[in-house]
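In this note's numbering, the protein residues as written are 10 to 93. We treat Cβ as the ideally placed atom computed from N, Cα and C, and that holds for glycine. Computed from a prediction, not measured in an experiment: that's the story for all the values here. Let me begin by presenting the structure, written as structure tokens, before commenting on it.
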Amino acid sequence: MTKKALKLENNYYINMDTVTEFSIEGQWLSITTTAHPEIGRYVVALQGSQDASYARFTVPINELHRIKRELGEYMGVDLNSEVS
Numbered sequence: 010m011t012k013k014a015l016k017l018e019n020n021y022y023i024n025m026d027t028v029t030e031f032s033i034e035g036q037w038l039s040i041t042t043t044a045h046p047e048i049g050r051y052v053v054a055l056q057g058s059q060d061a062s063y064a065r066f067t068v069p070i071n072e073l074h075r076i077k078r079e080l081g082e083y084m085g086v087d088l089n090s091e092v093s
């Protein structure tokens with residue numbers, strides 16, 4: 010399988026091969042990787058949401074949907090049937 014990078018923010022990408030788990034909860038998602046053990050978990054939230062203050066990255070709605078879509082496609086999971 011070809012390596013693929015997932016863009017979280019301008020000039021910040023994670024290697025999809027290092028993603029060990031992810032969870033999606035409404036307006037935020039959590040991604041756990043093995044790439045940087047000191048970081049390990051990335052939280053991405055919708056800009057302006059209540060969860061934004063806890064997130065490392067805040068993104069507009071279209072970017073949150075893109076990240077969810079790319080994660081689902083890469084992992085072979087149909088997220089459209091599981092989240093809004």
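Nearest-angstrom beta carbon gap, residue j and residue i [assumed within contact, 8 Å]
| i | j | result |
| --- | --- | --- |
| Ile40 | Tyr22 | So it is not a contact: roughly 12 Å between Cβ atoms. |
| Val53 | Leu38 | 5 Å |
Limits of the unbroken beta strand (DSSP E) element including residue i
| i | result |
| --- | --- |
| Glu18 | Ala14 to Glu18 |
| Ile23 | Tyr21 to Asn24 |
| Val28 | Val28 to Glu34 |
| Ala61 | No beta strand (DSSP E) holds Ala61; DSSP gives it neither H nor E. |
Close beta carbons around residue i, own chain, < 8 Å, minus the five adjacent residues each side
| i | result |
| --- | --- |
| Phe66 | Leu17, Glu18, Tyr21, Tyr51, Val52, Val53 and Ala54 |
Beta-ladder partner(s) of residue i, from DSSP
| i | result |
| --- | --- |
| Arg78 | Paired residues: none, contrary to the question. |
Own chain, CB closer than 6 Å to residue i, minus 5 neighbours either side, in chain order
| i | result |
| --- | --- |
| Glu47 | none |
| Leu73 | Leu55 |
Own chain partners of residue i with C-beta closer than 7 Å, once the 5 adjacent residues on each side are dropped
| i | result |
| --- | --- |
| Asp60 | Gln36, Trp37 and Ala54 |
Alpha carbon of residue i to alpha carbon of residue j, nearest angstrom
| i | j | result |
| --- | --- | --- |
| Gly81 | Ser58 | 22 Å |
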